[in-house]
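Here's the structure we're looking at; comments come further down.
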Amino acid sequence: MRQDRAERSTAAKPEESARVQQRSRLASLAGLLLLFAVLLGGTMPDSAEAVCPKNTNILADTLVKTCWECMFPISLFGFTLTEVGEDSTRPAVGPGISAVYPPQLCGCVCLTPYLCVPGIPLGIWEPVRLVEIVRTPLCFPALNGITLGPEFVFEGRGSANTNMDSPDLDFTFYHSHFYIFPLWAIVGIAVDWACVNPSAAGDEIDLAYLSEIDPSWNDDLLALILFPEALLLGNPLTVAACAADSLAASAGFPIDPLFWCAGSFGLMYPTTGNVSESSGQLKPAALAMSRLLARLARFGTEFYTAADGPLICTDFPTGLIVKSQYKYQLLYPIPNVPAPCCQPIGRTVLMWGMGKMVPVIGEDFVFLLWKLQRCCLL
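Using our numbering, you'd call the opening residue of the sequence shown number 2 and step up by one each time.
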């Protein structure tokens with residue numbers, strides 16, 4: 002009996018030894034995997050990488066998503082016809098004033114190279130531009146989410162994600178795209194042909210500006226070359242004056258003489274994609290859009306189209322942004338409808354931007370820009 006027990010014990014020892022060795026290997030493997038995970042986790046970014054949204058169908062769905070009430074109010078001969086739910090109005094355009102042609106003879110008189118053209122003063126809001134504010138370079142949500150190049154090309158130039166380089170510095174960076182988008186002409190509604198001073202020539206969509214090829218969009222020092230007045234405006238008094246601009250934008254339209262202010266969004270300067278972070282992404286994106294308009298005004302590509310009196314026959318560059326001639330509608334990711342759905346520059350996002358962002362796939366934004374056109378209608 003003792004011999005049998007000894008034989009069974011001797012036979013069980015190799016099996017037990019094999020189990021111990023197998024457990025030791027598994028423990029070693031688990032330790033290596035844990036160490037690898039720790040090392041890998043130390044190099045992972047603090048936040049998720051930016052994702053270019055796909056299959057957005059923004060252009061295809063424009064007619065459905067556009068808030069057509071934004072064209073109001075419309076004015077003729079200085080009288081406002083209707084407002085239709087839009088609370089951010091502008092004073093109606095009045096009769097033209099000229100030393101040669103008194104206003105009682107006709108509403109406005111425009112001098113062309115060949116003849117004098119009498120007409121009717123018209124004031125109307127036109128949908129003429131699209132603005133994209135994106136995190137990923139060369140990402141185009143308005144073009145169904147196509148990406149035209151690899152992101153690594155833009156390393157060191159503010160590759161547009163929301164990772165923070167320093168815990169003490171809270172900011173984010175956006176790229177911007179600017180489209181010529183004459184929506185009325187696209188759908189067959191013609192206004193420019195009837196006005197002496199059309200605000201947008203042509204009837205085709207065109208990509209007019211890419212921040213990815215503009216080295217001053219991501220460099221605050223380079224932006225000073227275009228906007229040297231920023232050195233004088235960066236003081237407590239001018240910053241405090243922006244409180245009045247914020248209140249004015251919340252009640253109606255911003256104050257044009259305070260061109261360095263973007264209402265509740267922040268400051269126009271520096272006119273780059275480096276913007277302050279907030280509780281959400283929509284506010285800094287709206288600030289980036291406002292800075293883009295200020296930049297294009299300095300380039301001379303955005304004209305003043307809301308002039309009153311004898312100037313209604315001419316659109317001209319100003320070099321400074323005229324904030325009160327713009328209002329915008331958020332088209333993507335969640336359209337801002339129903340009316341009132343167009344906002345002036347600087348109006349607090351608490352009044353129009355709540356619940357308008359989708360995490361990860363809806364943190365890029367597309368705005369439809371409406372511009373006040375005052376012209377001499379033939």
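Virtual Cβ for every residue (Gly too), placed ideally from N, Cα, C. Remember, it's a predicted structure, so these values are computed and weren't measured experimentally.
Range covered by the alpha helix (DSSP H) that runs through residue i
i    : result
A209 : Here A209 belongs to no alpha helix (DSSP H); instead the beta strand (DSSP E) covers 207 to 211.
R296 : 283 to 300
T81  : Premise fails: T81 lies in the beta strand (DSSP E), 80 to 83, not in any alpha helix (DSSP H).
S405 : Residue 405 falls outside the range modelled here, since the chain spans only 2 to 379, and no answer is possible.
I256 : Run containing I256: none; DSSP gives neither H nor E here.
I226 : 221 to 227
V188 : 184 to 188
A231 : 231 to 234
Candidates the options: closest to residue i by CA position
i    : options                : result
G267 : A252, G253, F254, A242 : A242
Q326 : I59, K66, P74          : P74
K284 : G79, T173, N56, L77    : T173
T315 : F80, F182, C111        : C111
R125 : C109, A143, F80        : The sequence shown places Ile at residue 125, not Arg. Among C109, A143, F80, the Cα nearest to that of I125 is on F80.
F78  : D62, P229, C109, A61   : C109
P425 : M290, F304, G356       : This structure cannot speak to residue 425, because the chain is shown only from 2 to 379.
E127 : H178, D221, A186       : A186
L297 : H178, S76, L82         : H178
Beta-carbon contacts of residue i that lie in its chain and below 6 Å, excluding the five residues immediately before and after
i    : result
T349 : S251, S265
V338 : C68
W218 : S212, T273, G274
L227 : R299
G354 : L283
P229 : none
A61  : none
Host beta strand (DSSP E) of residue i (start-end)
i    : result
W371 : 366 to 378
K328 : 327 to 333
L77  : 75 to 77
T63  : T63 -> not in any beta strand (DSSP E); alpha helix (DSSP H) instead, spanning 63 to 66.
T173 : 172 to 174
S265 : Unbroken run through S265: none, as it is neither H nor E.
V276 : 275 to 277
Cβ neighbours of residue i in the same chain (closer than 7 Å, five flanking residues each side left out)
i    : result
T239 : W261
I362 : V52, P54
Q282 : M358, E364
P360 : none
C343 : C68, C71, E87, S89, K328, Y329, Q330, W371
N56  : N145, G146
L286 : Per the sequence shown, the amino acid found at residue 286 is Ala instead of Leu. Only I134, Y175, F366 meet the Cβ criterion.
V65  : none
L332 : I59, K66, V367, F368, L369
L223 : P216, S217
D246 : P255, I256, L259, C262, G264, G347
D221 : P271, T273, N275
F317 : F304, Y305
L234 : W261, Y270
I206 : Y180, I181, F182
G32  : Because G32 carries a pLDDT of 49, less than 50, the predicted location of this residue cannot be relied on, and the following value inherits that uncertainty. Closer than 7 Å at the Cβ level, and outside the excluded window around G32, lies no residue.
Whether residue i touches residue j by CB criterion (7 Å)
i    : j    : result
R292 : T319 : no
V188 : K372 : no
V276 : L288 : yes
T306 : Q374 : yes
A295 : I335 : no
I214 : A143 : no
Y180 : A231 : no
8 Å Cβ shell around residue i - same chain, five flanking residues per side excluded
i    : result
L149 : L139, F141
G356 : I335
L225 : A231, L232, P271
Within-7 Å CB hit, residue i to chain D
i   : result
C68 : Here there is only one protein chain, and chain D is not present.
beta-carbon residue i near the ligand HEM non-hydrogen atom, thresh 6 Å
i    : result
L184 : Although the ligand HEM was asked about, the structure shown includes no ligands whatsoever.
Checklist entry - Three or more beta-carbon pairs under 8 Å between the stretch 202 to 219 and the stretch 240 to 256, yes or no? => result With a cut-off of 8 Å, the stretch 240 to 256 and the stretch 202 to 219 do not count as touching, because too few Cβ pairs lie within range.
Next on the checklist: Quick test of the definition: if touching needs 3 or more C-beta pairs under 8 Å, does the stretch 133 to 143 touch the stretch 356 to 371?
Outcome noted: Below 8 Å, enough C-beta pairs join the stretch 133 to 143 and the stretch 356 to 371 to call them touching: three or more.
Checklist entry - Touch check for the stretch 349 to 359 and the stretch 118 to 130: three-plus C-beta pairs under 8 Å? => result Output reads no: the stretch 118 to 130 does not touch the stretch 349 to 359.
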